[in-house]
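Residues 1 to 283 (the UniProt record's numbering) make up the sequence shown, in order.
Glycine included, every Cβ here is placed at the ideal spot set by N, Cα and C.
This one's a predicted model, so the numbers in the text were calculated from it and none came from an experiment.
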Amino acid sequence: MDVRRVSVVHDAAAVSRLFDRDPVGSCMVAEEIADHGIGTNAVGAELWTCAAADESLCYAGVNLIPLRGDAGDLHAFADKALSESRPYTWLIGGAELVMPMWQRLAPVWGAARYVRSDQPLLAIAGLPRCAIDPAVRQVRPDELDAYLTATATEIIAEFGVDPRLGERGSKFRGRLANLIAVGRAWARFERGEVVFKAELGVQSSSVGLIQGVWVHPERRGQGLCVPGTATIVSAIVATGRIACGYVNHSNVAARAAYARVGFRQVGSIASVLLGESHQVVDR
Numbered sequence: 001m002d003v004r005r006v007s008v009v010h011d012a013a014a015v016s017r018l019f020d021r022d023p024v025g026s027c028m029v030a031e032e033i034a035d036h037g038i039g040t041n042a043v044g045a046e047l048w049t050c051a052a053a054d055e056s057l058c059y060a061g062v063n064l065i066p067l068r069g070d071a072g073d074l075h076a077f078a079d080k081a082l083s084e085s086r087p088y089t090w091l092i093g094g095a096e097l098v099m100p101m102w103q104r105l106a107p108v109w110g111a112a113r114y115v116r117s118d119q120p121l122l123a124i125a126g127l128p129r130c131a132i133d134p135a136v137r138q139v140r141p142d143e144l145d146a147y148l149t150a151t152a153t154e155i156i157a158e159f160g161v162d163p164r165l166g167e168r169g170s171k172f173r174g175r176l177a178n179l180i181a182v183g184r185a186w187a188r189f190e191r192g193e194v195v196f197k198a199e200l201g202v203q204s205s206s207v208g209l210i211q212g213v214w215v216h217p218e219r220r221g222q223g224l225c226v227p228g229t230a231t232i233v234s235a236i237v238a239t240g241r242i243a244c245g246y247v248n249h250s251n252v253a254a255r256a257a258y259a260r261v262g263f264r265q266v267g268s269i270a271s272v273l274l275g276e277s278h279q280v281v282d283r
């Protein structure tokens, strides 16, 4: 029987090598490590390995994110997660890593809020192939309420829950306020209302992950999404970073829009919402 021991990673050089080999696939974790370091950090997150960290690695924080490993490693990471009381919000990462872990976790943890097993991971390293929208810009702090309303509308449509309600309302507002403060929330406003929005949900040293792309229902089909997304791509690549994003496999319109901007598929993401439905604000 192949029983593998999981240990906490302290080899920063090995972790950096893995990030360098797959900057897009590792960007979520790379940002966290840049902010908080490795080991058991100040926010209680850890990096786990069963061998060398550049060949076997899983991030365990608010979210559970496998980065590298064979079948035995993934089983060991799942068993480690089962042995602890930490409440994870998402299991997310490469589909080839996430789904084997979920198969081992699901019988114990029970049904997830939802499972998306195949979300194309798209990336672009150069300038977009289409025109940008000069009206799309970084959101100002005094525009928080309008941006929050648009973002809540987007989340309600996708997840069926209003993130402004209950105990997560203040966290949701704080997260958006922080994104605006650091220049990572983008929108097009018309008469004070958001008609297109997106945010730079993750920013590592080499990658910017675009999330929360949304067009006002009354303005859909009017050519806002492609140039709006292209504007954000231009800003990301101007800093020397790769722009990336992931979409639902069934969302043909979104995939076509990304293709028109110049994105190409570089992988597949799987995401499993583990926590309460109001925890979508932790995406």
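Taking 7 angstroms as the threshold (C-beta atoms), are residue j and residue i in contact?
i: Ala-146; j: Leu-105; result: no
i: residue 284; j: Glu-158; result: Because the chain here runs from 1 to 283, residue 284 falls outside it and cannot be looked at.
i: Val-252; j: Ala-243; result: no
i: Cys-50; j: Val-8; result: no
i: Lys-197; j: Ala-187; result: yes
i: Arg-175; j: Leu-273; result: no
i: Leu-91; j: Leu-64; result: yes
i: Ala-177; j: Leu-144; result: yes
i: Pro-23; j: Val-207; result: yes
i: Val-261; j: Ala-230; result: yes
i: Gly-61; j: Arg-4; result: no
i: Arg-163; j: Ala-152; result: Reading the sequence as shown, one finds Pro at residue 163 and not Arg. Cβ distance < 7 angstroms, so Pro-163 and Ala-152 count as in contact.
i: Gly-245; j: Ile-210; result: yes
i: Asp-133; j: Gly-228; result: yes
i: Val-139; j: Ala-76; result: no
i: Val-15; j: Ala-45; result: no
i: Met-101; j: Pro-66; result: yes
For the putative contact between residue i and residue j, defined by C-beta atoms under 8 angstroms, what is the C-beta separation to the nearest angstrom?
i: Tyr-59; j: Leu-74; result: Wrong, their Cβ atoms sit about 13 angstroms apart, outside the cutoff.
i: Ser-268; j: Ala-95; result: 4 angstroms
i: Gly-69; j: Ser-83; result: About 17 angstroms separates the two Cβ atoms, so there is no contact after all.
i: Cys-225; j: Val-215; result: 5 angstroms
i: Ala-270; j: Ser-85; result: With a Cβ gap of about 24 angstroms, Ala-270 and Ser-85 do not count as contacting.
i: His-10; j: Ile-33; result: Going by Cβ atoms, the distance from His-10 to Ile-33 rounds to 12 angstroms, so no, they are not a contact pair.
In the structure shown, what three-state DSSP assignment does residue i receive?
i: Cys-225; result: helix
i: Ile-155; result: helix
i: Glu-55; result: coil
i: Ile-236; result: helix
i: Tyr-258; result: helix
i: Ile-38; result: coil
i: Glu-143; result: helix
i: Pro-100; result: helix
i: Asp-118; result: strand
i: Ala-270; result: strand
i: Ile-180; result: helix
i: Ile-124; result: strand
i: Arg-129; result: coil
i: Val-108; result: helix
i: Gly-160; result: coil
i: Leu-165; result: coil
i: Arg-220; result: coil
i: His-75; result: helix
Going by DSSP, name the residue or residues bridged to residue i.
i: Gly-25; result: Gly-25 pairs with nothing; no bridge assigned.
i: Thr-49; result: Ser-7
i: Glu-193; result: Glu-190
i: Gln-138; result: Trp-186
i: Ile-242; result: Val-207
i: Leu-82; result: Paired residue(s): none; Leu-82 is not in a bridge.
i: Pro-66; result: Cys-58
i: Trp-214; result: Lys-197
i: Val-202; result: Leu-209
i: Ile-92; result: Ser-271
i: Arg-264; result: Ala-123
Return yes when the C-beta of residue i is under 6 angstroms from any heavy atom of the ligand HEM, and no when it is not.
i: Asp-118; result: Among the components of this structure there are no ligands whatsoever, and the ligand HEM is therefore not found.
Cβ contact (3+ pairs, closer than 8 angstroms) linking the region 156 to 172 and the region 118 to 131: no
Below 8 angstroms, can you find three or more Cβ-Cβ pairs linking the region 19 to 29 to the region 199 to 211? yes
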